[in-house]
Each structure stands twice: as structure tokens, then as C-alpha cells.
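**Q** Everything in the sequence shown is counted per my numbering, starting at 47 for the first residue and increasing by one.
All C-beta atoms in this analysis are idealised placements derived from N, C-alpha and C, irrespective of residue type, glycine included.
In this text, all values refer to a predicted model and were calculated from it rather than measured experimentally.
Could you have a look at this structure, given as C-alpha cells, before my questions?
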Amino acid sequence: VVPPPASRDLAVRFDWLCFAATVGAVLTVAVVAATGLLGLAVFGGASIGIAAAIGILTRCLLPRRAWTLPSSPPEGRWPLFVSRVVLAAALAIFAWKVHRVPLWSWDHYSVWGMKARHLAEGGFLNLSFLRVAPFRYTNPEYPIGLPVLWRILTLGRTPAWPDFKVCHVLFGVATVGLFRLALRAGGVSSSFANAAAAFVAASPLYWDTESLGLAEMPLAAAILAAAVLLLRRREDPGERPPAWLLGFLLGSLPWIKQEGLSLAVLLLAASWVLGRSPGAGRRPPGARAVLALSFLVTAGPAIALDRALPPGQPFLQGEWMLRFSARLPHVLRVLGKMGEELVASDWIGFWPVFLLAAAYGIWRRDRRVAALSAVVAAQTALYLFIYLGTYLDPAAHIRSSFFRIMSALLPLAAVAAVLSAAPDARDARGRT
Numbered sequence: 047v048v049p050p051p052a053s054r055d056l057a058v059r060f061d062w063l064c065f066a067a068t069v070g071a072v073l074t075v076a077v078v079a080a081t082g083l084l085g086l087a088v089f090g091g092a093s094i095g096i097a098a099a100i101g102i103l104t105r106c107l108l109p110r111r112a113w114t115l116p117s118s119p120p121e122g123r124w125p126l127f128v129s130r131v132v133l134a135a136a137l138a139i140f141a142w143k144v145h146r147v148p149l150w151s152w153d154h155y156s157v158w159g160m161k162a163r164h165l166a167e168g169g170f171l172n173l174s175f176l177r178v179a180p181f182r183y184t185n186p187e188y189p190i191g192l193p194v195l196w197r198i199l200t201l202g203r204t205p206a207w208p209d210f211k212v213c214h215v216l217f218g219v220a221t222v223g224l225f226r227l228a229l230r231a232g233g234v235s236s237s238f239a240n241a242a243a244a245f246v247a248a249s250p251l252y253w254d255t256e257s258l259g260l261a262e263m264p265l266a267a268a269i270l271a272a273a274v275l276l277l278r279r280r281e282d283p284g285e286r287p288p289a290w291l292l293g294f295l296l297g298s299l300p301w302i303k304q305e306g307l308s309l310a311v312l313l314l315a316a317s318w319v320l321g322r323s324p325g326a327g328r329r330p331p332g333a334r335a336v337l338a339l340s341f342l343v344t345a346g347p348a349i350a351l352d353r354a355l356p357p358g359q360p361f362l363q364g365e366w367m368l369r370f371s372a373r374l375p376h377v378l379r380v381l382g383k384m385g386e387e388l389v390a391s392d393w394i395g396f397w398p399v400f401l402l403a404a405a406y407g408i409w410r411r412d413r414r415v416a417a418l419s420a421v422v423a424a425q426t427a428l429y430l431f432i433y434l435g436t437y438l439d440p441a442a443h444i445r446s447s448f449f450r451i452m453s454a455l456l457p458l459a460a461v462a463a464v465l466s467a468a469p470d471a472r473d474a475r476g477r478t
């Protein structure tokens with residue numbers, strides 16, 4: 047999908063492979079799903095053809111110049127070796143844990159896994175089963191991107207529990223590779239990037255077994271892929287990835303999870319902020335229009351499908367404004383419940399550190415940290431809005447969902463936290 051990196055370092059090439067594979071996967075899912083809605087055969091051999099066509103087309107359209115990474119600070123051989131061993135051990139334990147634990151989440155069997163088992167029929171995409179009365183209680187309006195991906199990876203056959211687990215491990219490895227790549231794009235040393243990636247691999251995103259078979263890990267990987275492009279778009283014009291690639295990638299987020307739409311809009315805003323940072327260079331004419339158009343082309347069918355599918359039981363159904371108004375005076379109590387989840391021992395103290403790091407990065411006028419931290423903060427505020435208007439009891443709703451959905455934001459928040467300690471050569475104070 048993308049040109050190979052100029053570096054011959056195996057770690058860099060591995061991270062680049064994670065980036066190319068993630069971008070290729072989400073683009074393929076969006077094209078397969080949109081094509082399937084037109085009534086064409088898309089699974090089995092057809093999905094292989096679609097994936098190959100996307101790879102060839104993007105490779106022809108992208109600049110052929112190999113991408114490079116900013117030079118990282120000098121480091122010793124032993125810190126680099128130890129950091130790689132620690133990261134490899136964390137990923138090995140993660141894979142072992144996935145192998146050992148069962149698929150047990152209610153959301154997997156009633157939403158994601160259920161759709162994966164029923165949405166394909168003879169190579170065609172068939173969503174008519176979602177209109178059957180019993181499926182009204184299984185969130186039929188949830189995106190179909192991840193179930194479609196499972197059917198692509200199994201060449202159209204019905205996926206079984208090993209398929210779900212292998213896909214989860216692959217996305218876990220890709221998330222770590224993308225995380226390191228984002229930090230390297232920000233000028234962080236390899237050993238520190240490895241150590242931070244090992245922390246991410248020990249976070250609830252990897253260790254909360256409820257996430258196995260759900261969409262949090264794929265969403266985290268896609269967000270990090272967008273972050274890599276956002277950070278690279280501040281480089282010299284010859285190194286800058288094209289706007290349409292970022293637009294297509296962001297437009298794929300609503301195919302993965304419903305909050306992918308709000309995250310895509312927030313990341314679009316972050317792209318605008320980073321594009322205006324000092325030293326970012328002059329943008330090609332019409333770059334913003336291309337970015338917006340490519341986003342709409344990819345996200346449009348996902349948004350239309352969300353409106354066409356049965357409504358299910360959205361959290362803001364009924365008189366949500368009355369509930370919101372009644373609970374607004376108690377917003378501090380709701381925030382307290384959310385805060386209790388974020389200071390749980392499973393997070394290893396990450397979120398308080400993130401708040402301090404974001405404040406420090408903003409104080410030193412680092413637009414990278416400010417933009418990425420704002421995405422995390424705004425998405426968290428959206429969750430607060432939902433908890434204030436939900437038809438469920440807010441406290442029970444927070445206990446059942448907030449811990450898990452915040453795990454998908456942790457890698458992006460960790461990128462911002464680490465970058466707050468890494469000098470930005472283009473910040474407003476002229477640091478190098």
C-alpha cells in the first residue's frame with residue numbers, strides 16, 4: 047500500500063509493515079462493505095481481488111520516494127537490546143494469554159461475532175437477518191467493518207474461535223508497531239519507544255479479556271495509523287503523505303465502531319491544527335478539499351448504512367434531553383464515577399500521568415501534544431454527554447462500558463504523553 051521505508055533497520059521495516067497492513071485492511075474493509083451493499087459478490091476470491099486492486103492502485107498513486115524518519119537521539123546498544131527483549135516478552139505473554147482465555151464477552155456473541163457468522167451468503171453481503179425481531183436487541187445498527195474483515199481473512203467461510211483470536215493478536219502486534227512508528231515520527235529514540243510500547247502491551251487494551259473478539263483493538267490500530275500520517279504531514283513537502291490517503295483512512299473509522307465517526311472528525315481537526323504549526327511548510331492547493339472529499343467518499347456509505355439499519359436501542363433513545371437536563375446538576379457525581387474507573391490499578395497510573403504530560407506539552411506550546419491530547423479529551427467529553435443522557439442508570443452504564451472503551455484511546459494518549467517529553471524542532475519557542 048505504501049512505499050517501503052528508506053531505513054534498512056529491521057525494526058523500522060517491521061513497524062512499516064504494521065502500518066501498511068493496517069491501512070490496507072481498513073481500506074479493503076470499506077471497499078468490500080460498500081461494494082457488497084451494491085449486491086456484488088465480495089467474499090472469497092472477490093475479496094482477494096479487491097485487496098490486490100487497492101494495493102496496486104494506491105502504490106501507483108502514492109509518491110515513489112521512500113519515506114524516511116527523523117533522526118533519533120543517539121543511544122547505547124544495551125538499552126536498545128533490553129528494550130526490545132522487554133517488548134518481545136510483553137507481546138509473547140499477550141499472545142499466550144489470548145490463546146488461553148475463552149471468548150466470553152456478551153458483545154461478541156450477540157453483536158460482533160454474531161454478525162460475522164451471518165452477514166455472508168454465497169460470497170454476497172446479506173444484512174437482512176438484522177431486521178428479524180430478535181436481533182433488535184443485539185445492536186443491529188453497530189458498524190459491520192470488523193465482521194466483514196473476519197470474513198475476508200477466512201476467505202468467506204464462517205469464522206471460528208481461532209480466527210477471532212488470531213485476528214486479535216495480529217491487531218495487537220500492529221498496534222505496538224504503529225505506536226513505535228508514531229513515536230519515531232516524532233523524533234523519540236528507539237529504546238524509549240520500545241519501553242513505552244511495552245507499557246501499552248501491558249495496558250487494559252491487551253489485558254482486559256472482555257475486549258477479545260470486540261472492536262477496541264482494531265479501532266486503536268486505525269487511530270494510530272492516522273496519528274502516524276498526522277505527524278508525518280508536518281515534514282518537508284517531499285516527505286509528506288498525500289491528503290487523500292489520510293482522508294480515506296479517517297473515513298474508514300466509522301466502519302469499525304460508531305465512535306469512529308467522532309474520532310475521525312476530531313482527527314481531521316487535529317490535522318488542520320498541525321498543518322498550521324510553525325515550520326510545517328506550505329500546503330499544496332486544495333489539500334484540505336481533497337482531505338474532506340476522500341473522507342466523505344469512505345465514510346459516507348458507513349453513515350448511510352447506520353441510518354438504513356434497524357435502530358436497535360441507542361443510548362439516547364426516548365426523552366434523552368429531559369434525562370440530560372435532570373442529571374446535569376449532578377455532573378460532578380457522574381465525573382467522579384468516570385474518574386474512579388480511570389484511577390483503577392489496572393491502568394498502572396497512566397491517566398493522571400497523561401493529564402500532567404498534556405498540561406506540560408501545552409505549556410511548552412507543542413502543537414503535537416496539544417492536538418492529540420485534545421482528541422482524547424473531546425472524545426472523553428462525548429462519553430460524558432452520553433452517560434448524562436443514556437436511558438440506563440449512569441453509574442451502571444459507566445461500570446459496564448467506560449473502562450473498556452477508554453482502553454482504545456490509551457495508545458493515542460500514550461503517544462501524546464511521550465511526545466510531551468520529546469523536543470519538537472518546530473515548536474513555537476524554536477527548540478531543536
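1. Mind listing, in chain order, the continuous alpha helix (DSSP H) runs of no fewer than 4 residues lying wholly within the stretch 78–146?
2. Let's see if you can read the secondary structure: which residues bound the alpha helix (DSSP H) around I190?
3. Under 8 Å, do R59 and G232 count as touching if we go by C-beta distance?
4. Is L320 closer than 8 Å to L296 when the C-beta atoms are compared?
5. Could you tell me the distance, in whole angstroms, from the CA atom of L33 to the CA atom of A316?
6. Name the two residues that bound the continuous alpha helix (DSSP H) containing H376.
7. Just the C-alpha distance for V389 and A98, rounded to the nearest angstrom, thanks.
8. Which residue's Cα is closest to the Cα of N240: D61, I451, A427?
9. Taking the alpha-carbon positions, what's the V274 to L339 distance?
10. Pick helix, strand or coil for P287, following the three-state DSSP scheme.
11. Which value, in whole angstroms, describes the spacing of the CA atoms of P205 and A141?
12. Measuring alpha carbon to alpha carbon, tell me which residue in T114, G169, F238 is nearest R130.
13. Assign Y429 to one of two classes, buried (16 or more other C-beta atoms within 10 Å of its C-beta) or exposed (fewer than that).
14. Could you tell me the distance, in whole angstroms, from the CA atom of R182 to the CA atom of P347?
15. How many angstroms separate the CA atom of S308 from the CA atom of I269?
16. Taking L465 as the reference, which of W124, Y406, H145 has the closest Cα?
17. Which runs of the alpha helix (DSSP H) fall wholly inside the stretch 398–450 and span at least 4 residues, in chain order?
18. Does the stretch 162–170 come close enough to the stretch 84–93 to have 3 or more Cβ pairs within less than 8 Å?
19. If I measure Cβ to Cβ from A246 and keep anything under 6 Å in the same chain, skipping five residues before and after, which residues do I get?
20. From the DSSP output, in three-state form, read off L455 for me.
21. Please report how far the alpha carbon of K161 lies from the alpha carbon of W301, in whole angstroms.
22. Can you grab the Cα-Cα spacing for the pair V380 / A92, in whole Å?
23. Grouping DSSP H, G and I as helix and E and B as strand, with all else coil, what is E167?
24. Inspect the beta-carbon positions of L133 and A228 and report whether they are closer than 8 Å.
25. What is the residue span of the alpha helix (DSSP H) that I394 lies within?
26. If we count the other Cβ atoms within 10 Å of its Cβ and call it buried at 16 or more, is H376 buried or exposed?
27. Measuring alpha carbon to alpha carbon, tell me which residue in V47, I394, W409, G364 is nearest A242.
28. Please report the distance separating the alpha-carbon of E256 from that of R450.
29. Mapping DSSP to helix, strand and coil, what is P300?
30. Considering only the beta carbon of each residue, do L176 and P186 sit closer than 8 Å?
**A** Inspection of the coordinates gives the following:
1. 91–107, 123–146
2. Element bounds for I190: n/a, residue is neither H nor E.
3. no
4. no
5. Residue 33 falls outside the range modelled here, since the chain spans only 47 to 478, and no answer is possible.
6. Per DSSP, H376 belongs to no alpha helix (DSSP H) and is neither H nor E.
7. 45 Å
8. D61
9. 20 Å
10. coil
11. 19 Å
12. F238
13. buried
14. 22 Å
15. 12 Å
16. Y406
17. 413–435
18. yes
19. Sequence inspection shows Val at residue 246; the Ala mentioned does not correspond to that position. Excluding sequence neighbours, V246 sits near F225, P457, A460.
20. coil
21. 14 Å
22. 48 Å
23. strand
24. no
25. Unbroken run through I394: none, as it is neither H nor E.
26. exposed
27. I394
28. 8 Å
29. helix
30. yes
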